[in-house]
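Each residue of the sequence shown is one higher than the one before, starting from 611 at the first, in our numbering. One structure is given below, encoded as structure tokens.
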Amino acid sequence: MTIPHEECNTCLFKHKLCKGLSEDEFRSIFDLTQQYTYKKGETIFKQGAKCNDLIFLTSGIVKFVSNSNGKELIIAIDRAQTLLGLANILNEDVNLFSIVAVEECKGCAINLTRFKLYALSNRKFMVEVMSLSTQMFRDAIFNFISVARKQSNGRIADVLLYLSNKIYQSKSFSLGLSRQELADYAGCSKEQLIHTLRTFTNDKIIWVSGKKIEILDESKLLTISRVG
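Structure (structure tokens):
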């Protein structure tokens, strides 16, 4: 799909990441770029597969998944606008993990060879790219620390706060994740998750109805996160 020029003129990729590039350099990237739509549940990158592109996610939410011995581990959850596949720059163009659409997503496929050419020759461009990559991996590391050190109620509080503040950016949101996926991300069983959500609801910390969640008392949730 051809990308309208006006979309690029307001895109974070151009105005933040590519601010160290000349207009001609950006145009050489743009000329090899195509836009795609990904359905909910569609795999954008497959773990272990060869990768020829990066994807700049322009809309939607994705999960980063590692598959080992048939078990799925959700490493991170991220939202547009962000650049997917950055780990491939230093990993011989092979996907370290799968990236899957949590809801319908749109993204621009950016030629990895052309991207690496400018990233390795333009320091300012590389710094901006690494800054974006560091943010995503920092969130993933904090989630692993939570899973390792906290009890299930503290981990679930952390996940709810992260989804509210970073992903949906609202106290009220409709989950694209299933209960099982939410439990996997929190590092607990589905039964523990459901029990904890019910407890939080009874204590009037959150309100839950199907996929819809509203945080009613963020201060209590922060306390549970801190001491959990």
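Quick reminder that beta carbons are idealized off the backbone N, C-alpha and C, glycines included.
Please report the distance separating the alpha-carbon of Phe783 from that of Phe655.
As a first step, residue 783 is located in the sequence shown; it is residue number 173 there, counting from the start. As a first step, residue 655 is located in the sequence shown; it is residue number 45 there, counting from the start. Approximately 26 Å, taken between the alpha carbons.
How would you write the range of the beta strand (DSSP E) that Tyr778 sits in, first residue to last?
To locate residue 778, count along the sequence shown from 1; it is residue 168. Premise fails: Tyr778 is in no beta strand (DSSP E) and is neither H nor E.
Taking 9 Å as the threshold (C-beta atoms), are Val704 and Val672 in contact?
Position 62 of the sequence shown holds residue 672. Position 94 of the sequence shown holds residue 704. No, they are not a contact pair.
Using CA atoms only, rank isn't needed, just tell me which of Gln790, Arg836, Ser632 is closest to Lys681.
For the purposes of this step, residue 681 is identified with residue 71 of the sequence shown, where counting begins at 1. Minimum Cα distance to Lys681 is reached at Gln790.
Among the residues of its own chain, which have a CB less than 7 Å from the CB of Ile834, if the five just before and after it don't count?
Locating residue 834 in the sequence shown gives position 224, counting from the first residue. Counting only Cβ-Cβ distances below 7 Å, and skipping sequence neighbours, we find Asn763, Gly764, Ala767.
Would you kindly check if the distance between the Cβ of Glu828 and the Cβ of Lys781 is under 9 Å?
Within the sequence shown, residue 781 is the residue found at index 171, counting from 1. Within the sequence shown, residue 828 is the residue found at index 218, counting from 1. In contact: Lys781 and Glu828 (Cβ atoms closer than 9 Å).
Assuming Leu839 is part of the alpha helix (DSSP H), what are its boundary residues?
Any property of residue 839 remains undetermined from this structure, which presents the chain solely from 611 to 838.
Counting pairs of beta carbons, one from the segment 676–691 and one from the segment 726–744, are three or more of them closer than 8 Å?
The segment 676–691, when compared against the segment 726–744, does not touch it at the 8 Å Cβ threshold.
With C-beta atoms as the reference, is Leu785 less than 9 Å away from Lys822?
Here residue 785 corresponds to residue number 175 of the sequence shown, with the count starting at 1. Here residue 822 corresponds to residue number 212 of the sequence shown, with the count starting at 1. Yes, the pair counts as a contact, with Cβ atoms nearer than the cut-off.
What first and last residue would you give for the alpha helix (DSSP H) that runs through Ala690?
Within the sequence shown, numbered from 1, the residue matching residue 690 stands at position 80. Looking at the DSSP string, Ala690 is not in any alpha helix (DSSP H), and its letter there is neither H nor E.
Rounded to the nearest angstrom, what separates Thr612 and His805 at their Cα positions?
The sequence position of residue 612 within the sequence shown is 2, counting from 1. The sequence position of residue 805 within the sequence shown is 195, counting from 1. Its pLDDT being 44, under 50, Thr612 is placed unreliably by the model, and nothing is read from it.
Along the chain, which unbroken stretches of the beta strand (DSSP E) at least 3 residues long are found entirely within the segment 628–681?
The segment 628–681 contains these whole beta strand (DSSP E) runs: 644–648, 653–655, 663–669, 671–678.
Distance, Cα to Cα, Thr643 vs Asp634?
Mapped onto the sequence shown, residue 643 falls at position 33. Mapped onto the sequence shown, residue 634 falls at position 24. Taking the straight line from one Cα to the other gives about 14 Å.
Which value, in whole angstroms, describes the spacing of the CA atoms of Leu826 and Ala796?
Position 216 of the sequence shown, counting from 1, holds the residue named residue 826. Position 186 of the sequence shown, counting from 1, holds the residue named residue 796. Computed Cα separation, rounded: 20 Å.
Which residues does DSSP pair with Glu824 in a beta bridge?
Here residue 824 refers to the residue found at position 214 when the sequence shown is read from its first residue. Glu824 is bridged to Ser782, Trp817.
Tell me which residues share the same chain as Lys650 and place their Cβ nearer than 8 Å to its Cβ, disregarding the 5 neighbours each side in the sequence.
Here residue 650 corresponds to residue number 40 of the sequence shown, with the count starting at 1. Only Ala711, Val712, Glu713, Glu714, Gly786 meet the Cβ criterion.
Near Glu652, which residues of its chain fall below 6 Å by C-beta distance, leaving aside the five closest residues on each side in sequence?
If you number the sequence shown from 1, residue 652 lands on position 42. Only Ala711 meet the Cβ criterion.
Between the beta-carbon of Tyr778 and the beta-carbon of Gly717, is there less than 9 Å?
Counted from its first residue, the sequence shown places residue 778 at position 168. Counted from its first residue, the sequence shown places residue 717 at position 107. Cβ distance not < 9 Å, so Tyr778 and Gly717 don't count as in contact.
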